[in-house]
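Structure follows, in structure tokens:
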């Protein structure tokens, strides 16, 4: 199978991209004149697909179910009671809807944590995206419950790996230091070391998490994770709003990957990740939407604008986090964070490529494409999505869209009213 | 001329809307079964068109021309030198592109300040939107220059009014207290009083503006405007980020209308308007995108999300500015601010109505439409736009779109390289 994208804008020049199998085989002069599929790239720009490094995809089902509430009330009275009623089939349809939305916004890979994840894996496999999937692990700091859950983690990982596609990887998903016991965190670390599984958790999201950690563990969250040996290149930590300089150094030295979720952090009033200090320390920062109940969409281009503007606002400095850095954060940064060989358009990389429709009013005039992407565009500017060498969307059409929207909506409505 | 929208969702119920001439003639049972134009409203929701109360539409031409710069450098080295080269025909095409973009995002009325505004008026008239247009007045605090410019204001107003459509009104456009002399501000106040023209200016946008005002005038900006007699229901003040409680009281007592521009305020690192205090004081707050060089789009749905999230973040409280208040700010609030009898779907109101496509993935499941609009949607969810009883967009198609994009892009590229 081969794809040829002809006459497309790449980094400001018109060229062609030739894809063979699941890799970019040639760009420019060396690109072939024929292929199994030929795509006209005129008035389009090719860029790498976006990588969303923190979400809870199936929470599409609870999108708009409860907003504008205090965090604890939102969790305890709205989200958790509904999540207690979620069934495996809900996860399948909620993840299908999320994948559809991600494809329509140019996302080709994502890092997901939720429940019944073997059903998320089935949805991702069908939709053609890449994902790293982790079963959310919450033992409410009860080590006995943790032991049971650890067996579940292992069995779910086996099922996820059983989907048998390189596009899907499994990870361990300890939810956060305040919902998982020390013993379970230690066991997860051992499992990660033994089997090489990445670890995905929420970290230093709210000021309260930090205060609770100091009062229960006698140290701040990053220091606590260090004491458990969890700071490593295997760890992807979402949020990281509340960090002291010493903690930033620890994250940098450990090689921890940080997922910045500006929309969620603003919507829940959590705080602003110290981007500049993390970047200066050399920490790999990527971008996440967070789940659709706290965002409420999965639009990476929107999150890119929020990332840039939140940093400019929080630092009272319009030069912080310029457009080019945001684009890198959402593409190469995410790919590196998830260990995917994509994020750049160059020969030999995985063929995760999207085409931007340059005829859109809000993308004109074209003085600077990266500025337009970050400050003007939303997911709707994406015309074509190729992931792993397969065309998932063309001219904004995704096969089966109407049925996915209908089935997921039914599941969401049913979940909202389930006794 | 009549329009019937059948089987459409209005405030959660399926109904029909009948439009006769430029007004909503009936909603529900009383709606006719026939009309000159019948629109199928199935799987769509009708809401009032958005009102953008602060922009500089023709700055579409400079979209993505310069971003991520310190404010003074951005103005002095990028924007002002280009604006000095702007010609009337640029304004026409820049405003056409802006109108196209606004229509595609569901905006039916806007408040605009820029230059050569008779050419903006021509563009608005052709595109079918409503607008309040003001010629930007900057005398650099030189009263002699001010006298010349005042003649220009009067002559431009006459030309704007000469377009001969009720959809377009003229206003006076003193740019800001730091760019306009005291004498000119006084003359503008007198002209406004004598002729009833609204006044549109930037106010308390940056901390520096406040500090400069205190040092040159011996008082803060709002107090200074009060001393000139400018605080009235005729005044629409954009930004208002830096207000002391006493100033908020003065704005409330004067009946001043405030346009909140969260995207611009974040992008330029200006500050956060004190929404809660303004609302508690009873000030009418509406929503603006600001010009496309400091946003960089004209998408009111995006600005609605930024408004909500900026307030939640700045107050560290997710309950501030909930979805329903944001929707009202962007519709009825704006209509009231501009003195337009729209902003609500009810019999007798002007027929400025938009239809939302509920089949979009990001608008499902539909637990709460206002939450979806504010937190999930962008302008692309708008399917149909009716303004003043005329259909401007149907199924996302606007007549002449490709030519407008092409001509405006040419003008923008030419402007960027003009010697």
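Chains as they are written, first to last, in the numbering used here: chain A, 1 to 419; chain B, 1001 to 1419.
Positions of the beta carbon are idealized from the N, C-alpha and C atoms, including for glycine.
Contacts of residue i in chain A (Cβ-Cβ under 9 Å)
{"i": "residue 1238 of chain B", "result": "Result: empty, since nearest Cβ-Cβ is about 17 Å, beyond 9 Å."}
{"i": "residue 1408 of chain B", "result": "361, 364 and 365"}
Proximity test, residue i beta-carbon vs the ligand NAD heavy atom, cut-off 7 Å
{"i": "residue 1253 of chain B", "result": "This structure lacks the ligand NAD, and indeed carries no ligand of any kind."}
Minimum Cβ-Cβ distance from residue i to chain B less than 8 Å
{"i": "residue 319 of chain A", "result": "yes"}
{"i": "residue 366 of chain A", "result": "yes"}
{"i": "residue 375 of chain A", "result": "yes"}
{"i": "residue 67 of chain A", "result": "yes"}
{"i": "residue 26 of chain A", "result": "no"}
{"i": "residue 400 of chain A", "result": "no"}
{"i": "residue 111 of chain A", "result": "no"}
Per-residue contacts from residue i into chain A (C-beta, under 7 Å)
{"i": "residue 1059 of chain B", "result": "In chain order: nothing, as chain A lies at least about 11 Å away."}
{"i": "residue 1405 of chain B", "result": "359, 361 and 364"}
CA-to-CA distance, residue j to residue i, given in whole angstroms
{"i": "residue 1271 of chain B", "j": "residue 1130 of chain B", "result": "30 Å"}
{"i": "residue 1229 of chain B", "j": "residue 1055 of chain B", "result": "25 Å"}
{"i": "residue 1250 of chain B", "j": "residue 1202 of chain B", "result": "16 Å"}
{"i": "residue 1103 of chain B", "j": "residue 1289 of chain B", "result": "14 Å"}
{"i": "residue 1142 of chain B", "j": "residue 1182 of chain B", "result": "9 Å"}
{"i": "residue 231 of chain A", "j": "residue 186 of chain A", "result": "12 Å"}
{"i": "residue 1178 of chain B", "j": "residue 39 of chain A", "result": "53 Å"}
{"i": "residue 1151 of chain B", "j": "residue 1134 of chain B", "result": "14 Å"}
{"i": "residue 105 of chain A", "j": "residue 121 of chain A", "result": "20 Å"}
{"i": "residue 311 of chain A", "j": "residue 277 of chain A", "result": "11 Å"}
{"i": "residue 1161 of chain B", "j": "residue 45 of chain A", "result": "43 Å"}
{"i": "residue 324 of chain A", "j": "residue 368 of chain A", "result": "10 Å"}
{"i": "residue 383 of chain A", "j": "residue 1280 of chain B", "result": "45 Å"}
{"i": "residue 1154 of chain B", "j": "residue 79 of chain A", "result": "58 Å"}
{"i": "residue 1220 of chain B", "j": "residue 12 of chain A", "result": "47 Å"}
Residue i - partner residues in DSSP beta bridges
{"i": "residue 1365 of chain B", "result": "Residue 1365 of chain B is not bridged to any residue."}
{"i": "residue 92 of chain A", "result": "Note: residue 92 of chain A sits in no beta bridge, so no partner."}
{"i": "residue 394 of chain A", "result": "A:397"}
{"i": "residue 1378 of chain B", "result": "Paired residues: none, contrary to the question."}
{"i": "residue 174 of chain A", "result": "A:137"}
{"i": "residue 1169 of chain B", "result": "B:1132"}
{"i": "residue 1287 of chain B", "result": "B:1260"}
{"i": "residue 463 of chain A", "result": "It is not possible to answer for residue 463 of chain A, since the shown part of chain A is limited to 1 through 419."}
Close beta carbons around residue i, own chain, < 7 Å, minus the five adjacent residues each side
{"i": "residue 360 of chain A", "result": "381"}
{"i": "residue 74 of chain A", "result": "66"}
{"i": "residue 415 of chain A", "result": "61, 82, 85, 86 and 90"}
{"i": "residue 1350 of chain B", "result": "1022, 1023, 1340, 1341, 1342 and 1388"}
Close Cβ partners of residue i (< 8 Å) along its chain, the five nearest in sequence each way excluded
{"i": "residue 327 of chain A", "result": "47, 304, 370, 373 and 374"}
{"i": "residue 1224 of chain B", "result": "1177, 1213 and 1217"}
Closer than 8 Å to chain A by CB, residue i
{"i": "residue 1420 of chain B", "result": "With chain B covering 1001 to 1419 only, the question about residue 1420 of chain B has no answer from this structure."}
{"i": "residue 1048 of chain B", "result": "no"}
{"i": "residue 1082 of chain B", "result": "no"}
{"i": "residue 1085 of chain B", "result": "no"}
{"i": "residue 1418 of chain B", "result": "no"}
{"i": "residue 1316 of chain B", "result": "yes"}
{"i": "residue 1013 of chain B", "result": "no"}
{"i": "residue 1372 of chain B", "result": "yes"}
{"i": "residue 1258 of chain B", "result": "no"}
{"i": "residue 1380 of chain B", "result": "yes"}
{"i": "residue 1071 of chain B", "result": "yes"}
{"i": "residue 1064 of chain B", "result": "yes"}
{"i": "residue 1263 of chain B", "result": "yes"}
{"i": "residue 1269 of chain B", "result": "yes"}
{"i": "residue 1296 of chain B", "result": "yes"}
Residues of its chain near residue i, where Cβ-Cβ distance is below 6 Å and the 5 sequence neighbours each way are ignored
{"i": "residue 1145 of chain B", "result": "1139"}
{"i": "residue 1240 of chain B", "result": "1203, 1204, 1258 and 1273"}
{"i": "residue 1226 of chain B", "result": "1250"}
{"i": "residue 184 of chain A", "result": "139 and 146"}
{"i": "residue 132 of chain A", "result": "111, 169, 171 and 338"}
Under 8 Å by beta carbon: chain A residues contacting residue i
{"i": "residue 1052 of chain B", "result": "In chain order: nothing, as chain A lies at least about 14 Å away."}
{"i": "residue 1101 of chain B", "result": "361 and 362"}
Within chain B, the residues that residue i reaches when beta carbons sit closer than 8 Å
{"i": "residue 166 of chain A", "result": "Here the premise fails: no neighbours, minimum Cβ distance about 26 Å."}
{"i": "residue 266 of chain A", "result": "1309, 1310, 1312 and 1313"}
{"i": "residue 323 of chain A", "result": "1067 and 1068"}
{"i": "residue 97 of chain A", "result": "1361 and 1364"}
Proximal chain B residues relative to residue i, where beta-carbon distance stays under 7 Å
{"i": "residue 104 of chain A", "result": "1361"}
Within chain B, the residues that residue i reaches when beta carbons sit closer than 9 Å
{"i": "residue 339 of chain A", "result": "Within chain B, no residue comes near residue 339 of chain A; the closest Cβ sits about 28 Å away, beyond 9 Å."}
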